[in-house]
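S.K.: Sequence positions in the sequence shown follow mature numbering (1 follows the signal peptide of the UniProt record, and there is no 0) and run -22 to -1, 1 to 138.
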Amino acid sequence: MNTPAIRALAAAGLVLSLTGCASQFPADPDGTLERVTGGTLRVGLSPNGNWADMTDGGEASGIEVTLVEEFADTIDAEVVWTEGGEEKLFTDLAAGRLDMVIGGLTDTTPWSEKAAITKPFDQVTTDDGATRKHVMAAAMGENAFLVELERFLGSQESAP
């Protein structure tokens, strides 16, 4: 029974099922965006001059710190900072103990195989004339969170 009505019904079912799938993308397998929205955004901070720093009193400061705090405001999240070296922070990110990592990272970071790297949000020219494009890192596969973060970063004046 391969009638036009059956084919039309099958096509309609396929369209509806694909529409349902499309509403799920981008997705966060671990639910990062949903969890941090109205909750806590856990951020690893690797000190790096004006980009990100932590005072002896535990106060975070820097260009990226300001951006993260402004992003957190847009999703009604409280930021909890964890200071450390990149190796420890990226291990914690991969293990789900952090939601993102900052610290003057550039688009040539060797950590791009271990984390999702944002599109560049700023660029600087070094004394030797090289251009460095700055990025932030999120957990691999948490695409809804990454898209929301990139959307915010792209709306900022410093975006290249």
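Idealized CB from N, CA, C, for every residue including glycine.
Note that this is a predicted model, so its numbers are computed, not measured.
Within the same chain, show all residues whose beta-carbon is closer than 6 Å to that of residue 54, passing over the 5 residues directly before and after it, in chain order.
M.R.: For the purposes of this step, residue 54 is identified with residue 76 of the sequence shown, where counting begins at 1. Around residue 54: 16.
S.K.: Residues bridged to residue 26 by DSSP?
M.R.: Locating residue 26 in the sequence shown gives position 48, where the first residue counts as 1. According to DSSP, which records beta bridges pairwise, residue 26 is partnered with 30.
S.K.: By Cβ distance below 6 Å, which residues in the same chain neighbour residue 31 in space, the five residues on each side in sequence not counted?
M.R.: As a first step, residue 31 is located in the sequence shown; it is residue number 53 there, counting from the start. 25, 39 and 40.
S.K.: With residue 56 as the anchor, note down where its beta strand (DSSP E) starts and where it stops.
M.R.: Here residue 56 refers to the residue found at position 78 when the sequence shown is read from its first residue. Its beta strand (DSSP E) spans residues 56 to 61.
S.K.: Could you name the residues of the same chain whose beta carbon sits closer than 8 Å to that of residue 10, not counting the 5 residues immediately before and after it, in chain order?
M.R.: As a position in the sequence shown, residue 10 is number 32, starting the count at 1. Excluding sequence neighbours, residue 10 sits near 77, 116, 117, 120, 122 and 123.
S.K.: Give a yes or no on whether the C-beta atoms belonging to residue 42 and residue 29 are separated by under 7 Å.
M.R.: Counted from its first residue, the sequence shown places residue 42 at position 64. Counted from its first residue, the sequence shown places residue 29 at position 51. Yes, the Cβ-Cβ distance between residue 42 and residue 29 is below 7 Å.
S.K.: Compare the beta carbon distance of residue 114 and residue 86 with 7 Å and say whether it is the shorter of the two.
M.R.: Residue mapping note: residue 114 aligns to position 136 of the sequence shown, counting from 1. Residue mapping note: residue 86 aligns to position 108 of the sequence shown, counting from 1. No, they are not a contact pair.
S.K.: Judging by CA-CA distance, which residue of 48, 62, 13 and 82 is the nearest neighbour of residue 27?
M.R.: The sequence position of residue 27 within the sequence shown is 49, counting from 1. Comparing Cα positions, the closest option is 82.
S.K.: So, using beta-carbon positions, are residue 71 and residue 94 closer together than 7 Å?
M.R.: Position 93 of the sequence shown, counted from the start, is the residue given in the question as residue 71. Position 116 of the sequence shown, counted from the start, is the residue given in the question as residue 94. In this structure, residue 94 does not lie closer than 7 Å to residue 71 by Cβ.
S.K.: Around the C-beta of residue 51, are 16 or more other C-beta atoms found within 10 angstroms, so that it is buried, or is it exposed?
M.R.: Residue numbering aside, residue 51 sits at position 73 when the sequence shown is read from its first letter. Result: exposed.
S.K.: Please return the same chain residues whose Cβ sits closer than 6 Å to the Cβ of residue 186, not counting the five positions on each side in sequence.
M.R.: Because the chain here runs from -22 to 138, residue 186 falls outside it and cannot be looked at.
S.K.: What are the boundary residues of the beta strand (DSSP E) that includes residue 141?
M.R.: Residue 141 cannot be examined here, being either before or after the span of the chain that is shown, -22 to 138.
S.K.: Taking only the alpha-carbon atoms, compute the straight-line gap between residue 68 and residue 74 and give it to the nearest angstrom.
M.R.: Mapped onto the sequence shown, residue 68 falls at position 90. Mapped onto the sequence shown, residue 74 falls at position 96. Between residue 68 and residue 74, the C-alpha separation is close to 10 Å.
S.K.: Looking at the structure shown, is residue -1 part of a helix, part of a strand, or coil, going by DSSP?
M.R.: As a working mapping, residue -1 is identified with position 22 in the sequence shown. Bear in mind that a pLDDT of 48 at residue -1, under 50, signals an unreliable position, so the model cannot answer this.
S.K.: In the DSSP assignment, find the alpha helix (DSSP H) that holds residue 125 and state where it starts and stops.
M.R.: Start at 1 with the first residue of the sequence shown, and residue 125 comes out as number 147. Where residue 125 is concerned, the enclosing alpha helix (DSSP H) stretches over 121 to 132.
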